[in-house]
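Engineer: For the sequence shown, the working numbering begins at 16 and goes up steadily by one. For reference, the structure I am asking about is given below.
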Amino acid sequence: METCDVVIEGISAAYDGRAVLHDISARFEPGQVVALLGPNGSGKTTLLRVLARVLAPASGRVLIGGEELRHLSTKEAAQRVAVVPQFEAPAFDFTVREIVEMARYPWDDEGMHHVEQALERTEMAHAGERRFSELSGGERRRALLARALAQDAPVMLMDEPTAHMDIAHQLQTLGMARELAEAGRLVVAAMHDFSLTAAFADRVVLLHEGRVRLDAPADDALSSEAIDEVFETQFERIRNGRLILVPRALR
């Protein structure tokens with residue numbers, strides 16, 4: 016299996032003329048789960064959109080496996096990067112299986128075993144013939160995860176991957192992210208849950224107002240006062256095998 020690092024060099028980006036990201040630089044290595052943390056509007060989703068080539072940066076560049084992202088063909092980019100978006104409304108009401116099968120378009124082989132494995136891993140095999148519109152929010156998330164798994168790319172981008180899921184499927188989803196990293200892939204995920212981040216992430220990039228405030232190993236980042244400052248909340252750190260952050264106002 017090919018592995019790819021991701022190098023971000025001086026990325027700035029804007030929506031409708033409004034600057035959203037400011038001179039972001041980072042390097043993400045294979046074998047890691049990288050969590051993007053930050054308040055709403057801090058730039059997490061925008062950064063993922065740039066890495067997914069959905070949004071062109073105003074300046075700077077992104078390299079995937081040593082090649083500049085903007086110079087890759089659509090097929091080449093899809094062979095390197097899979098995406099689990101936060102929301103998606105397909106133009107047509109495809110079945111779950113049809114949506115997952117679309118992940119194989121970048122590859123010359125049909126690779127149907129990847130489709131079957133992805134449906135099984137996400138516990139969506141039973142729903143293969145159901146229409147996407149018929150699914151609950153959590154089921155839609157798992158269908159999109161199955162599509163990304165079937166794509167079999169060395170880099171996976173996940174935007175709030177556990178949103179709308181019950182706790183069992185949250186743990187299952189992040190467990191898969193951990194397994195992918197341990198197999199040599201790179202997972203970059205926008206997260207909002209500190210406890211899940213502490214349990215599954217290797218590294219945290221803390222964003223604030225479109226800038227990198229902190230980039231550090233997960234335990235160090237979550238122990239930092241920068242978390243309290245960026246989220247404007249005082250947290251108490253509790254260690255019980257894993258680090259848990261509890262807002263002091265709730266204690």
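Glycine residues also receive a C-beta, built at the ideal position from the N, C-alpha and C atoms.
Looking at M127: is its Cβ nearer than 8 Å to the Cβ of A158?
Structural biologist: Here the question's residue 127 lines up with position 112 in the sequence shown. Here the question's residue 158 lines up with position 143 in the sequence shown. No, these two residues do not count as a Cβ contact at 8 Å.
Engineer: Please look up how many angstroms separate the CB atoms of A204 and A192, rounded, as I've assumed it's under 8 Å.
Structural biologist: Taking the sequence shown and counting its residues from 1, one reaches residue 204 at position 189. Taking the sequence shown and counting its residues from 1, one reaches residue 192 at position 177. At roughly 7 Å, the Cβ-Cβ gap stays under 8 Å, so A204 and A192 are in contact.
Engineer: Just to confirm the assignment: which complete beta strand (DSSP E) runs, minimum length 3, are found wholly within the region 235–266?
Structural biologist: 250–254 and 258–262
Engineer: Could you please give the first and the last residue of the uninterrupted alpha helix (DSSP H) stretch that includes R193?
Structural biologist: If you number the sequence shown from 1, residue 193 lands on position 178. Looking at the DSSP string, the run of the alpha helix (DSSP H) that includes R193 is I182 to E197.
Engineer: Just list the residues that DSSP pairs M139 with in beta bridges.
Structural biologist: On the sequence shown, position 124 is the one that residue 139 refers to. DSSP, once it has assigned bridges, lists no residue as partnering M139.
Engineer: How do the region 48–65 and the region 206–222 stand: do at least 3 beta-carbon pairs fall below 8 Å, yes or no?
Structural biologist: yes
Engineer: So is I79 buried or exposed if we call it buried at 16+ other beta carbons inside 10 Å?
Structural biologist: Counting from 1 along the sequence shown, the entry for residue 79 is found at position 64. Flag for I79 reads buried.
Engineer: For G225, count the other beta carbons within 10 Å of its own beta carbon; 16 or more makes it buried, fewer makes it exposed. Which is it?
Structural biologist: The residue given as residue 225 occupies position 210 in the sequence shown. Result: buried.
Engineer: Give me the DSSP bridge partner(s) of D230.
Structural biologist: To locate residue 230, count along the sequence shown from 1; it is residue 215. Answer is V220, bridged to D230.
Engineer: Is E131 helix, strand or coil when you go by DSSP?
Structural biologist: Taking the first residue of the sequence shown as position 1, residue 131 is located at position 116. Three-state result, E131: helix.
Engineer: For the beta strand (DSSP E) holding L63, just list the boundary residues, first then last.
Structural biologist: The sequence position of residue 63 within the sequence shown is 48, counting from 1. No beta strand (DSSP E) holds L63; the alpha helix (DSSP H) holding it covers K59 to L66.
Engineer: Could you please give me the residues that DSSP links to Y120 through a beta bridge?
Structural biologist: Here residue 120 is taken as the residue at index 105 of the sequence shown, counted from 1. DSSP, once it has assigned bridges, lists no residue as partnering Y120.
Engineer: Identify, in the order they occur along the chain, each residue of the same chain with its Cβ nearer than 7 Å to the Cβ of S40, setting aside the five sequence neighbours on each side.
Structural biologist: Within the sequence shown, residue 40 is the residue found at index 25, counting from 1. Closer than 7 Å at Cβ, skipping near neighbours: I23, E24 and G25.
Engineer: Using the beta-carbon count (16 or more within 10 Å), is Q249 buried or exposed?
Structural biologist: For the purposes of this step, residue 249 is taken as the residue at position 234 of the sequence shown. Looking at its Cβ environment, which holds fewer than 16 other Cβ atoms inside 10 Å, Q249 is exposed.
Engineer: Quickly, what does DSSP pair F43 with across the bridge? List them, please.
Structural biologist: Start at 1 with the first residue of the sequence shown, and residue 43 comes out as number 28. Per DSSP, V21.
Engineer: By DSSP, does A73 sit in helix, in strand, or in coil?
Structural biologist: The residue labelled residue 73 in the question sits at position 58 within the sequence shown. A73: coil per DSSP, three-state reduction.
Engineer: Please report how far the alpha carbon of H129 lies from the alpha carbon of T137, in whole angstroms.
Structural biologist: Residue mapping note: residue 129 aligns to position 114 of the sequence shown, counting from 1. Residue mapping note: residue 137 aligns to position 122 of the sequence shown, counting from 1. Cα-Cα distance, rounded: 12 Å.
Engineer: Assuming the contact rule is C-beta atoms closer than 8 Å, L237 and V219 should be a hit. Round their C-beta distance to whole Å, please.
Structural biologist: As a first step, residue 237 must be located in the sequence shown, where it is residue number 222. As a first step, residue 219 must be located in the sequence shown, where it is residue number 204. Yes, L237 and V219 are in contact; Cβ-Cβ is about 7 Å, under 8 Å.
Engineer: Just to confirm, are A183 and A118 a CB contact at a threshold of 8 Å?
Structural biologist: Numbered from its first residue, the sequence shown carries residue 183 at position 168. Numbered from its first residue, the sequence shown carries residue 118 at position 103. No, the Cβ-Cβ distance between A183 and A118 is not below 8 Å.
Engineer: Measure the C-alpha to C-alpha separation of L87 and E251 and round it to an integer number of angstroms.
Structural biologist: Counting from one through the sequence shown, the residue named residue 87 turns up at place 72. Counting from one through the sequence shown, the residue named residue 251 turns up at place 236. For L87 and E251, the distance between alpha carbons rounds to 45 Å.
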